[in-house]
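Residue numbers (my numbering), protein chains in the order written: chain S, 1 to 324; chain P, 1001 to 1324; chain Z, 2001 to 2324; chain D, 3001 to 3324; chain C, 4001 to 4324; chain A, 5001 to 5324.
Below is one structure, written out as structure tokens, with a few remarks after it.
Protein chains: 6
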Amino acid sequence: MPLYHQPVDAAEVPRFAGHSTFMRLPSVATAEGLDIALVGIPWDGGTTNRAGARHGPREVRNLSSLMRSAHHVSGIAPYEIANIADVGDLSVNPINLLDGMERIEKGMAQIVANGALPLSVGGDHLTTLPVLRSVSGGLRAVGNPLGMIQFDAHSDTNDTYFGGNRYTHGTPFRRAIEEGLLDPTRIVQIGIRGSVYGPGEHDWAKAQGVRIIYMEEFIRRGPDDVMAEATQIVGCQPTYVTFDVDAIDPSMAPGTGTPEIGGLTTREAQQMLRLLHPVNIVGADVVEVAPPLDVGGMTALVGATVMFELLCIIANQVRQERSG
Amino acid sequence: MPLYHQPVDAAEVPRFAGHSTFMRLPSVATAEGLDIALVGIPWDGGTTNRAGARHGPREVRNLSSLMRSAHHVSGIAPYEIANIADVGDLSVNPINLLDGMERIEKGMAQIVANGALPLSVGGDHLTTLPVLRSVSGGLRAVGNPLGMIQFDAHSDTNDTYFGGNRYTHGTPFRRAIEEGLLDPTRIVQIGIRGSVYGPGEHDWAKAQGVRIIYMEEFIRRGPDDVMAEATQIVGCQPTYVTFDVDAIDPSMAPGTGTPEIGGLTTREAQQMLRLLHPVNIVGADVVEVAPPLDVGGMTALVGATVMFELLCIIANQVRQERSG
Amino acid sequence: MPLYHQPVDAAEVPRFAGHSTFMRLPSVATAEGLDIALVGIPWDGGTTNRAGARHGPREVRNLSSLMRSAHHVSGIAPYEIANIADVGDLSVNPINLLDGMERIEKGMAQIVANGALPLSVGGDHLTTLPVLRSVSGGLRAVGNPLGMIQFDAHSDTNDTYFGGNRYTHGTPFRRAIEEGLLDPTRIVQIGIRGSVYGPGEHDWAKAQGVRIIYMEEFIRRGPDDVMAEATQIVGCQPTYVTFDVDAIDPSMAPGTGTPEIGGLTTREAQQMLRLLHPVNIVGADVVEVAPPLDVGGMTALVGATVMFELLCIIANQVRQERSG
Amino acid sequence: MPLYHQPVDAAEVPRFAGHSTFMRLPSVATAEGLDIALVGIPWDGGTTNRAGARHGPREVRNLSSLMRSAHHVSGIAPYEIANIADVGDLSVNPINLLDGMERIEKGMAQIVANGALPLSVGGDHLTTLPVLRSVSGGLRAVGNPLGMIQFDAHSDTNDTYFGGNRYTHGTPFRRAIEEGLLDPTRIVQIGIRGSVYGPGEHDWAKAQGVRIIYMEEFIRRGPDDVMAEATQIVGCQPTYVTFDVDAIDPSMAPGTGTPEIGGLTTREAQQMLRLLHPVNIVGADVVEVAPPLDVGGMTALVGATVMFELLCIIANQVRQERSG
Amino acid sequence: MPLYHQPVDAAEVPRFAGHSTFMRLPSVATAEGLDIALVGIPWDGGTTNRAGARHGPREVRNLSSLMRSAHHVSGIAPYEIANIADVGDLSVNPINLLDGMERIEKGMAQIVANGALPLSVGGDHLTTLPVLRSVSGGLRAVGNPLGMIQFDAHSDTNDTYFGGNRYTHGTPFRRAIEEGLLDPTRIVQIGIRGSVYGPGEHDWAKAQGVRIIYMEEFIRRGPDDVMAEATQIVGCQPTYVTFDVDAIDPSMAPGTGTPEIGGLTTREAQQMLRLLHPVNIVGADVVEVAPPLDVGGMTALVGATVMFELLCIIANQVRQERSG
Amino acid sequence: MPLYHQPVDAAEVPRFAGHSTFMRLPSVATAEGLDIALVGIPWDGGTTNRAGARHGPREVRNLSSLMRSAHHVSGIAPYEIANIADVGDLSVNPINLLDGMERIEKGMAQIVANGALPLSVGGDHLTTLPVLRSVSGGLRAVGNPLGMIQFDAHSDTNDTYFGGNRYTHGTPFRRAIEEGLLDPTRIVQIGIRGSVYGPGEHDWAKAQGVRIIYMEEFIRRGPDDVMAEATQIVGCQPTYVTFDVDAIDPSMAPGTGTPEIGGLTTREAQQMLRLLHPVNIVGADVVEVAPPLDVGGMTALVGATVMFELLCIIANQVRQERSG
């Protein structure tokens, strides 16, 4: 009998059968006893243009049925080395922005309080703000500002929209820095690109010390070099990893609200994710998968695979912490 | 030279060419001088489940390019008898519910103040609440509660969602009755169907005097009989007409957030709309067209045609008022 | 061994296997020896708005793989009583309107010269004009103007488009009447509806004696009554049957260039087609199936089934002629 | 605290949130203690043409999130009067037909042994054969042949395919009659239509006493009259209800392997389902929902709603049995 | 108050709101006073296979709503340095090839006569021929043959189709060279690939001096090297830039009539477009975006972004001309 | 008059016209007289998850209409140097796995007996097993185990599924090695990636001597280096080439049952296919194109183009054998 929760075996039960959970893992009521909690945050209340990310968790669960139980490169078998389950979706409120954020913060706080490391699926990028509030205040982070590695087409450090509204999926990291949740000098943003509101759009973030690696710099340097710098910047202090699926090129991830052509390939993204192992990860997410805008489930598949890559890295970290 | 604004002639300029406006009419800056203002309200802030109606105006404009200039049954040629144009979209706020409603109310107030009768395209059904605030306070209604004929699968008279939230696309007409915008004894709801939250879901509305004509009653009686009753109920007092596209069967209008099978056919709906002529219409809308959920533009085509049916009825009313 | 060409048996070879031909019949090089020639006319050169009907024959062939070998109501087994095959597509020219029409006329003339009765799949409705030129001059019609039963949302008797262009899919039957191919007093148009260019759009056709049965009249009278009149009008003289798939409601046939809501149901259409038996049919077609605009192959399936209904009627007529 | 399992309340948790189960009910491990077991049978091993029904349960679960908790016509609130839950999917084998059928039979036998009445979602129509084996042998049926009301475009009483293969989705009820599971004189098939393999395709079934109500007879007589006959034929003896989604017109249910135009409307189907109350139902299913062929989730929505209609009827029967 | 026309600000008006124009710029009646005229050419009369590019301008306008106001790499803010607006669509004729070309030529001549530099969106590639006739005869080119940089999968220098037809989207540049509009020794074609009609298909073009850079050579050399050669070839003489979206790989731009796998990535294309600055551009276009063949708006997004890249380059050229 | 079968000329007959055959070649009844037989195998009986590849041949035929007659890089004009035709689809059985495999083996044996080299389109990857049985026993292979170059995301050397089932699309090459059809030391698998059932999933294959080139090694080394090794491993002995379309990245080939992100680009695949010329090819296939899962025909286009690339290589080999 296995030590930990195991996914349904696709060589016994076909992938299209059975309830749809993240990675076909058991669905559990709370994060108690878990090392890693897989959790959905079905909320896109901060979306300024094309909504749909509220449906992200359901479709990422569906496509995660294609994931098997071990990583073909690292050999990591996460379910052998860590206790992992699907804790369901956080409570949300689709028609009330502030209440929505509060519910997410509280829901995530319970997971963190149980000692589980959260790996969540949004939802739009504003979901990361209440998540950071809970994670940065949790045991792993002990209240210090977190570092962050952000894969994204957009810096998401704008100030306000539509006449002074401060909370949107274009502003979460400005708010997180202002709230002291993130240490801007330990933030690295990779894959940034696309037209901007003005030549100075990123000035504020840069002035805070955020390291923006534009797509063009990434293309010149490549995944290894960029990740060497990124992991050096965040160091060994607690760090959050956030993966906005629009970091990926729209040909590979069309189902997202704000696509920008000329993006990362999945190969590049996978190579970078596998280089996260030196990072002290205290939480991670995949956001902005918007199924109503998707074609053929392509984006949900990318989301599910990115989630599996992150899961392997984090499970290995759990093992190292346990043995170390 | 024509007296009034004319649509682009499809026998001269193909329907796929030129800017996309409602009915291929000119786009004008304000409603000044218009008899009827066609206006978009791209907002779905009140949507509790599947969003997308924010994109409704754009796609209804696109498909309205298939409308020609006269009605094949009544012979009404609206652009010969009334001054009609596309006044663009009202200002909205996708991330702030109360501000969004306020902007809609203000934008609509300007149209009403110009003496134009508004025919709008949502947006979700909550948009009708701020519209009613402006229309009921305008010159045509002089502050008295309005009657309303509502084509819909849902009564939209629920009370609250998600812990006390009073403004959603499931609650607008409870609020409108409470605010004195609508006279419940002069409300007729046609096409109501689908599972309910409980056997008593419509008790409040019925207690106020709202006349709910369930789909099953409609099927038994047919369009003529039902409309005879409906027009008798609203009488000659100012009345608003609201058409939720989910009144129509999902096979004909799949692109909507809350579809219910067993709905009205477009033939039945057209027959009913053509029987609206005795009604004293002070405004009308088509709501809940959600393009990201649509297939092949079917729902936007239904929306555009319903809009044209309403436009013919209203233009004829304008002519009668003018001559009478 | 059967007397006539037989379709592939779906109880032996699955429907998705084998070459795609009309009704899974053999593909033959010419119409020689055939009673009925199934033929494609992949051309939409006359389309004024949304093209795509050029792809109609291929997709109708694909979906015709769902047709079996006998009619469940009449019991007609067409392949037992008539020699029928797929003669391929007529030569067309997608970039030259007049050459395209000429090629279609010539190709159809060869089929007619072989004594086969053509059942074709367009293509847009302008294809019917060159077809009528050949069919009306063929042996069955001996040069007299034909009668015509037309199922359609549009009368297609407009005069010119885009500054004097006389040949479009909105004008074929004006031209056919002018050219003496059709006897206007023996034309019946069923299902006409949708907004018009002006209240007098159909005046010319009516003045010629064309009988237009608008959708609203059809709804009142029903299929039986309408077909009784239609068959009486065309009488026993040679008659062409043309089925524009936009006669059918867009919910059932969305894949067409000029959809109009409030159309015929397939049930009504099938009932009418089965009442064609008294008519002296000299040719028939199904037009305006536009696969790039279709969803889920629905329209091509309607096209294929309408084709099968027509085929059964025509095969039975062949048998009666042979035995009579 | 409620007596029975309750669905998640959509006024508290939005419909897109949380795990996807039938009707948003709890997922339970076995049918123990249940009155009605909702169960998926994700298997299309008997499909002779277009596969995809194996994905039916997952998508019907997704769309069943749109169902609320009471019936708007009958007022039945199933979760107040019966204990109902989602027992997951039966074990299947997508690559071995006979093993697949055996697994289904065994899985269903456990549900029946627990005293629960099964309401299942296929899967193709061959799944009904092993289900009937278990249900007919269960306590409710005590081994006597069952009656059956079948909503379907096809009789499914063919003999063999592809050279002697006896088990396909076109043959289940021939086998069930041969095996003595069904009493052919108590079988009613409603909605049968579409081209046939030959004029005598249904002779065998008719010779056994099966009552086939073709679509054309249905259209003439209407739902009430047809159901009066159907319920009279099956009488008060144990009866199974099977609903092949291709009974419904393809415009409303395009996502199925063998669509036939000219089908039932959902309104007609709902009216008939609501007239099932006199029947002694021992099990029911909805089959042939094939999501890869669906557009916009329309077919899965029909499947989910049919399931809810059946659930209300069966729950009411449970209450009557309990009280009676 | 800004000197020049400004786009609607997406931080004030959401991107889904308001009329759909190129880049959300004002729609103006003529090119008078403009430095750069954005214009649609909704015409695919020259398309030999899959039509649909006639719908290109409308969807590129829609997706151009995702463009912001400055370039994130060059910092160019086009609306600060040049007067730019949307002048609507040129007059076209979808059913008459020669008239269609004439209308395009005339429409473009007016823009050129106003001194505006045209940046157009097709339409198929035959649209470029009448455009070149006007542009090459305009003030900027003073009648000398133009150079051309062409991004494309196909050389488009074939001779005739379908029996002598000289004007198709496969022949424009043969005609343009024959007409003396283009100087073949100053034409560079980049991205050419895909199977050919015969080994000598490109012999004529090469014999004229056209420089064809096949995809394979491009892959070996890379964007920088290829553009160094290309800009050297066209030199400082007036040059036209034409971007056929099928230059891009079909995974990124599926919505086009003649896709060829193995194409340019958008990253490569963007890198090349940004290297156009030394070129003396007198006009540019993006062609062959065919929305009915698109999936999820991906191709229209590529088209809109390529348009923005070109706009930045051209606006900068305008500034340099003005200042220098 | 040409020596060999010629495809329909797209400069005479548009690509959308005429019957749909592979490469628009003639359809012939048997492989007699052919050098290369193009053949479909519409069967996905071994598919453990998402079916649909049974529809592969039909859609690859459709999209192969975009292929022209010569290769733009090698200049090979296959129809000038070899006799090639479409021999239709092999007999299959969609509901009986073992019978299905037997039919495929027999059908392929007839082609091989005619001396034609088969280039087939599946179908799922289990189809390759019966094909190998026939090819390895044919004249070209004279019974010796074949070498194989396999482009694939998966090794397909698992043992059993669903409790001992040995024949699935995940096991064909384990079986082929066990049956002595393939020489494991002459098998090269390129593009392998994606999560695995366990760290040791490929141990058996590696122990047999199969050379697995994982995606990551491929990325490091590139197409030229990898193919140098692959062609060296298979040597000059008879070799089969199998191309599973899931080798290609899902952004380029989404229409397949088991997609894995991070795959080969089509550019890389084309480069490798062009390097196959030293190999002694005795048969080849393209498998796992699943049209119901495809978007916009992208995957079928990739399948058709890969088929054309293979055809050119094989035709050239035929010419060399003939002349040599």
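Here a beta-carbon is modelled for each residue, glycine too, at the ideal position from N, C-alpha and C.
ask   = Interface residues of chain A around Z:Val2088 at Cβ under 8 Å?
value = The question names Val, yet the displayed sequence has Gly at residue 2088 of chain Z. Simply Gly5018 and His5019.
message = I need the boundaries of the alpha helix (DSSP H) containing D:Pro3223, first residue and last residue.
response = Counting along the chain, the alpha helix (DSSP H) containing D:Pro3223 begins and ends at Pro3223 to Val3234.
query = What separation, rounded to the nearest whole angstrom, lies between the Cα atoms of C:Ile4353 and C:Pro4278?
reply = Given that chain C is displayed from residue 4001 to residue 4324, the structure contains no residue 4353 of chain C and the question cannot be resolved.
task = Starting from the Cα of C:Ala4290, find the closest Cα among C:Val4142, C:Arg4058 and C:Ile4314 and give me that residue.
result = Restricting attention to C:Val4142, C:Arg4058 and C:Ile4314, the CA atom closest to the CA of C:Ala4290 is found in C:Arg4058.
message = With distance defined between alpha-carbon atoms, name the residue in P:Thr1231, P:Gly1147 and P:Ala1010 nearest to Z:Asn2158.
response = The shortest C-alpha separation from Z:Asn2158 is found at P:Ala1010.
task = Taking C-beta pairs closer than 8 Å, name the residues in chain P that C:Asn4062 reaches, listed in chain order.
result = Per Cβ cutoff of 8 Å: Arg1058.
task = Classify C:Gln4271 as helix, strand or coil using the three-state DSSP reduction.
result = Note: C:Gln4271 maps to helix in three-state DSSP.
ask   = Tell me which same chain residues have a C-beta within less than 6 Å of the C-beta of C:Val4318, skipping the five on either side of it?
value = For C:Val4318, the CB contacts under 6 Å within the same chain, skipping 5 residues up- and downstream, are Asp4035 and Ala4082 in chain order.
message = Is there a C-beta anywhere in chain Z that falls below 8 Å from the one on A:Pro5014?
response = Cβ-Cβ to chain Z under 8 Å: yes for A:Pro5014.
key: Neighbouring residues, chain D, relative to Z:Val2295 (Cβ below 7 Å)   = Those are Val3295, listed as they occur along chain D.
task = Apply the 10 Å Cβ neighbour rule to D:Ser3065 and answer buried if 16 or more other Cβ atoms are within range, or exposed otherwise.
result = With 16 or more Cβ atoms within 10 Å of its Cβ, D:Ser3065 is classed as buried.
Within chain A, partners of S:Gln237 - CB distance below 9 Å = What S:Gln237 touches in chain A: nothing, since even the nearest Cβ is about 30 Å away.
query = What does C:His4055 touch in chain P if you count any residue whose Cβ is under 7 Å from its own?
reply = Close partners of C:His4055 in chain P (Cβ separation under 7 Å): Phe1016.
ask   = For Z:Asp2089, which residues does DSSP report across the bridge?
value = According to DSSP, Z:Asp2089 bridges with Z:Gly2040.
key: Positions along the region 1021-1053 of chain P whose CB lies within less than 9 Å of some CB in chain S   = If the cut-off is 9 Å between Cβ atoms, the region 1021-1053 of chain P has Asp1044, Gly1045, Gly1046, Thr1047, Thr1048, Asn1049, Arg1050, Ala1051 and Gly1052 near chain S.
Those runs of the alpha helix (DSSP H) which lie wholly inside the region 5154-5203 of chain A and span at least 4 residues = Counting whole runs of 4 or more residues, the region 5154-5203 of chain A contains the alpha helix (DSSP H) stretches 5172-5178.
request  = Please report how far the alpha carbon of P:Asn1093 lies from the alpha carbon of P:Val1135, in whole angstroms.
outcome  = Going from the Cα of P:Asn1093 to the Cα of P:Val1135 covers about 20 Å.
ask   = Counting Cβ pairs closer than 8 Å, one from the region 5221-5230 of chain A and one from the region 5130-5144 of chain A, do we hit at least three?
value = No contact exists between the region 5221-5230 of chain A and the region 5130-5144 of chain A.
query = Using 8 Å as the limit for Cβ to Cβ distance, is D:Gln3270 near chain P?
reply = Yes, D:Gln3270 counts as interfacial toward chain P.
query = Which bits of chain D does S:Val92 rub up against, with CB to CB less than 7 Å?
reply = Contact of S:Val92 with chain D by beta-carbon distance below 7 Å involves Pro3014 and Ala3017.
ask   = Are the beta-carbon atoms belonging to A:Val5302 and A:Ile5219 less than 8 Å from one another?
value = At least 8 Å separates the beta-carbon of A:Val5302 from that of A:Ile5219.
ask   = Mind listing which residues of the region 4184-4215 of chain C have their C-beta closer than 8 Å to chain A's C-betas, in chain order?
value = Identification of residues in the region 4184-4215 of chain C having a C-beta nearer than 8 Å to some C-beta of chain A yields Ile4192, Arg4193, Gly4194, Ser4195, Val4196, Tyr4197, Gly4198, Pro4199, Glu4201, Tyr4214 and Met4215, given in sequence order.
task = Could you spell out where the beta strand (DSSP E) holding Z:Thr2242 opens and where it closes?
result = Bounds of the beta strand (DSSP E) holding Z:Thr2242 are Pro2238 to Asp2244.
request  = Can you pull the chain P residues whose beta carbon is under 9 Å from the beta carbon of S:Phe308, in chain order?
outcome  = What S:Phe308 touches in chain P: nothing, since even the nearest Cβ is about 27 Å away.
message = For chain Z, check one thing: does any of its Cβ atoms lie closer than 8 Å to the Cβ of D:Ser3251?
response = Cβ-Cβ to chain Z under 8 Å: yes for D:Ser3251.
message = Going residue by residue through the region 1083-1153 of chain P, where are the continuous beta strand (DSSP E) segments of at least 3 residues, counting only ones entirely within it?
response = List check, beta strand (DSSP E) in window: 1084-1089, 1117-1122 and 1146-1151.
key: CB of P:Leu1123 within 8 Å of CB of P:Val1287, strictly   = According to the sequence provided, residue 1123 of chain P is Gly. The question's Leu does not apply to it. Contact flag set, yes.
task = Give every residue of the same chain whose Cβ lies closer than 6 Å to the Cβ of A:Asp5044, excluding the five residues on either side of it in the sequence, and list them in chain order.
result = Ala5051, Ala5053, Arg5054 and Asp5124, listed in sequence order.
message = According to DSSP, simplified to helix, strand and coil, what is S:Val282?
response = Here DSSP, grouped into helix, strand and coil, assigns S:Val282 to strand.
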